[in-house]
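Enquirer: Sharing a structure, written as structure tokens. Questions coming.
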Amino acid sequence: MNQPKIKRDPEGTRRRILLAAAEEFAGGGLFGARVDQIARRAETNERMLYYYFGSKEQLFTAVLEHAFGLLTDAERALDLADLAPVEAMTRLAHFVWDYYRDHPEFLRLINNENLHEARYMQKSTRIREMISPIVTTVSSILARGEAADLFRPNVDPLRLYVTISGMGYYIVSNRFTLAATLGRDFSSSAERAEIVQLNTEMLLAYVMRK
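Anchor point for the sequence shown: position 70 equals 290 in this note's numbering, and the numbering is continuous, going up by one each time.
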């Protein structure tokens with residue numbers, strides 16, 4: 221009796237490993253994540269993990285690339301060109317802050333990589349290329365705002381993007397310690413709305429002409 225042929229799905233296997241590894245690394249970091257648990261989550265074996273990614277460290281780099289790729293895809297889906305400069309800047313900032321709120325696992329991966337002093341991100345040329353589109357978008361909004369005599373001149377788009385990122389990053393990555401030390405849950409919907417309003421006013425106060 222002929223045995224049914226097993227359909228091979230290399231891309232599916234690779235993707236399952238990548239997604240399983242993302243969960244493990246977000247939870248335990250590079251050193252806390254276990255290869256056997258990643259393989260179990262991905263419904264494969266450790267041999268296939270090493271076949272597709274070479275090593276645990278290379279898999280971690282691939283996970284970082286995948287995480288930044290998802291962020292870049294979401295950023296590219298933004299349609300801000302037809303919005304007035306103030307609304308476009310506000311929409312972009314809110315997108316960044318909402319993305320961090322909705323993807324805390326992304327911030328955990330970044331926090332872990334900071335512990336390694338970006339050792340694995342530095343091995344990736346793709347991640348640096350992924351950051352360029354959003355900075356270009358910020359630059360375009362600033363230029364339109366300046367041309368309309370709304371925004372102050374000479375605002376550095378990269379510094380502004382880093383500042384916008386930091387404004388949303390901190391209350392998500394530190395939400396537990398903030399609650400423990402200050403007694404306030406900044407992840408609650410009411411507190412978040414107040415913080416978003418505060419951050420928006422500070423952002424616009426900086427970029428707008430006096």
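C-beta atoms are modelled at their ideal positions from N, C-alpha and C, and glycine is treated no differently. Note that this is a predicted model, so its numbers are computed, not measured.
Taking the beta carbon of LEU312 as the centre, do at least 16 other beta carbons fall within 10 Å, making it buried, or is it exposed?
Expert: With 16 or more other Cβ atoms within 10 Å, it is buried.
Enquirer: Give me whichever residues DSSP pairs with MET309 in a beta bridge.
Expert: MET309 is not bridged to any residue.
Enquirer: Tell me the DSSP secondary structure of PHE288 in three-state form.
Expert: In the structure shown, PHE288 sits in a helix (DSSP, three-state: H, G or I).
Enquirer: Pick out whichever of LEU370, LEU300, GLN342 and LEU291 has its Cα sitting closest to the Cα of ASP318.
Expert: Ranking LEU370, LEU300, GLN342 and LEU291 by Cα distance to ASP318 puts LEU291 first.
Enquirer: Find out if the Cβ-Cβ distance for the pair ALA242, ALA287 is shorter than 9 Å.
Expert: Yes, the Cβ-Cβ distance between ALA242 and ALA287 is below 9 Å.
Enquirer: Just to confirm, is the Cβ distance from PHE406 to ALA399 under 9 Å?
Expert: Cβ atoms of PHE406 and ALA399: closer than 9 Å.
Enquirer: Using a 10 Å radius around the Cβ and a threshold of 16 neighbouring Cβ atoms, would you call TYR426 buried or exposed?
Expert: Its Cβ having fewer than 16 others within 10 Å, TYR426 is exposed.
Enquirer: Among the candidates ASP302, THR310 and GLY252, whose CA atom is the shortest distance from the CA of THR420?
Expert: Nearest of ASP302, THR310 and GLY252 to THR420, Cα basis: THR310.
Enquirer: Helix, strand or coil, according to DSSP, for PHE280 in the structure here?
Expert: Residue state, collapsed to three classes: helix.
Enquirer: Residues in the same chain with beta-carbon distance under 8 Å from LEU298, minus the five sequence neighbours each way, listed in chain order, please.
Expert: Here the set comprises ARG311, LEU312, PHE315 and THR357.
Enquirer: Which parts of the segment 385–429 are runs of the alpha helix (DSSP H), unbroken and 4 residues or longer, counting only runs that do not cross its ends?
Expert: You should have 395–402 and 409–427.
Enquirer: Within 10 angstroms of its Cβ, does THR264 collect 16 or more other Cβ (buried), or is it exposed?
Expert: The residue is buried, with at least 16 neighbouring Cβ atoms inside 10 Å.
Enquirer: Please state whether the Cβ-Cβ distance between VAL375 and LEU362 is less than 9 Å.
Expert: For VAL375 and LEU362, yes; Cβs fall inside 9 Å.
Enquirer: Given 8 Å as the limit, is there contact between the segment 321–330 and the segment 298–308, that is, 3 or more CB pairs closer than that?
Expert: Output reads no: the segment 298–308 does not touch the segment 321–330.
Enquirer: In the DSSP assignment, find the unbroken alpha helix (DSSP H) run with VAL355 in it and report its ends.
Expert: Counting along the chain, the alpha helix (DSSP H) containing VAL355 begins and ends at 345–367.
Enquirer: Using beta-carbon positions only, say whether GLU366 and PRO377 come within less than 9 Å of one another.
Expert: Result no, Cβ atoms of GLU366 and PRO377 do not sit closer than 9 Å.
Enquirer: Are the CB atoms of ASP369 and ARG429 within a distance shorter than 9 Å?
Expert: Yes.
Enquirer: Between ALA253, ARG236, GLY247 and ASN394, which has its C-alpha nearest GLU277's C-alpha?
Expert: Ranking ALA253, ARG236, GLY247 and ASN394 by Cα distance to GLU277 puts ALA253 first.
Enquirer: Give me the Cβ distance between GLU285 and SER352, rounded to the nearest whole Å; I'm assuming they're in contact under 8 Å.
Expert: Incorrect: roughly 15 Å between the Cβ atoms, too far for contact.
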